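Engineer: There's a structure below that I have some questions on.
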Ligand code: SF4
Ligand code: SF4
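Numbering (the numbering used here), first residue to last: 34 to 171.
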C-alpha cells in the first residue's frame, strides 16, 4: 500500500509518457513500417512479392502481350514487410515508406473493387498462359 502511494506521488513529478498530439508531431521509429511503394522501372516481374503476401494485397494483372501491371491495396495490407524481404530488387522496385495511414476514400467498402480486380487478374494470367501454350503448339 505504502509503495503504491509512493509510486503514485513519484509519477506525479515525472514527465508524461504521452505527447500532445497533434500539436506535437509523433516521431516515427527508423524501422517504421508504412505503405508499400513500387517502381516499375526496376521491377523484374518475378511475382515474388505477390506470392508471399498473406492477405493478397499485391496483384499483377497480365496482358496478352505479356506485360504486367502492379496493383496494391493499402486497405488489405497488414504492413508485415514480407513482400520487401522477398523482392530481389528491394529498395529500388519495392520498398516500405514512412508514410502512414490509409488514403482517404468516400466508399464504404473499399475492397469491393479490389475483389473484382483480383478475379480479373487471375483470369488475365490464365489467358496469357493459354496464349503462350497455343503459340508453342503452332
Ligand atoms: S507488407 Fe505484407 S501485407 Fe502488405 S503488401 Fe507487403 S506482404 Fe502484403
Ligand atoms: S518481388 Fe520485386 S522484382 Fe519481383 S515482381 Fe515484386 S516488385 Fe517486382
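Ideal placement from N, C-alpha and C gives every residue a C-beta, glycine not left out.
All values reported here derive from a predicted model rather than from experimental measurement.
(1) How long is the line joining the alpha carbons of residue 75 and residue 83, rounded to whole angstroms?
(2) Three Cβ pairs or more, each shorter than 8 Å: is that satisfied between the segment 82-100 and the segment 111-120?
(3) Could you please give me the residues that DSSP links to residue 101 through a beta bridge?
(4) Taking 7 Å as the cut-off, is the C-beta of residue 114 nearer than that to any heavy atom in ligand 1?
(5) Alpha carbon to alpha carbon, how far is residue 86 from residue 49? Give it in angstroms, no decimals.
(6) With 16 as the cutoff for other CB atoms within 10 Å, does residue 69 come out buried or exposed?
(7) Mind checking whether the beta-carbon of residue 88 lies closer than 7 Å to any heavy atom of ligand 1?
(8) Apart from the five residues just before and just after residue 157, which ones in its own chain have a Cβ nearer than 8 Å to its Cβ?
(9) Could you tell me the boundaries of the beta strand (DSSP E) in which residue 127 lies?
(10) Please report how far the alpha carbon of residue 163 lies from the alpha carbon of residue 99, in whole angstroms.
(11) Relative to the alpha-carbon of residue 67, which residue among 167, 148, 106, 143 has its alpha-carbon at the smallest distance?
(12) Quick check: residue 135 and residue 108, are their CB atoms within less than 8 Å of each other?
(13) Helix, strand or coil for residue 38? Go by DSSP, reduced to three states.
Structural biologist: On the basis of the data shown:
(1) 16 Å
(2) Flag = yes, the segment 82-100 and the segment 111-120 touch.
(3) According to DSSP, which records beta bridges pairwise, residue 101 is partnered with 95.
(4) yes
(5) 39 Å
(6) buried
(7) Answer for residue 88: yes, Cβ within range of ligand 1.
(8) Only 94, 95, 96 meet the Cβ criterion.
(9) Annotation for residue 127: the continuous beta strand (DSSP E) segment containing it runs 127-129.
(10) 12 Å
(11) Looking only at 167, 148, 106, 143, the smallest Cα-Cα distance to residue 67 is reached by 106.
(12) The answer is yes: Cβ separation under 8 Å.
(13) Residue state, collapsed to three classes: helix.
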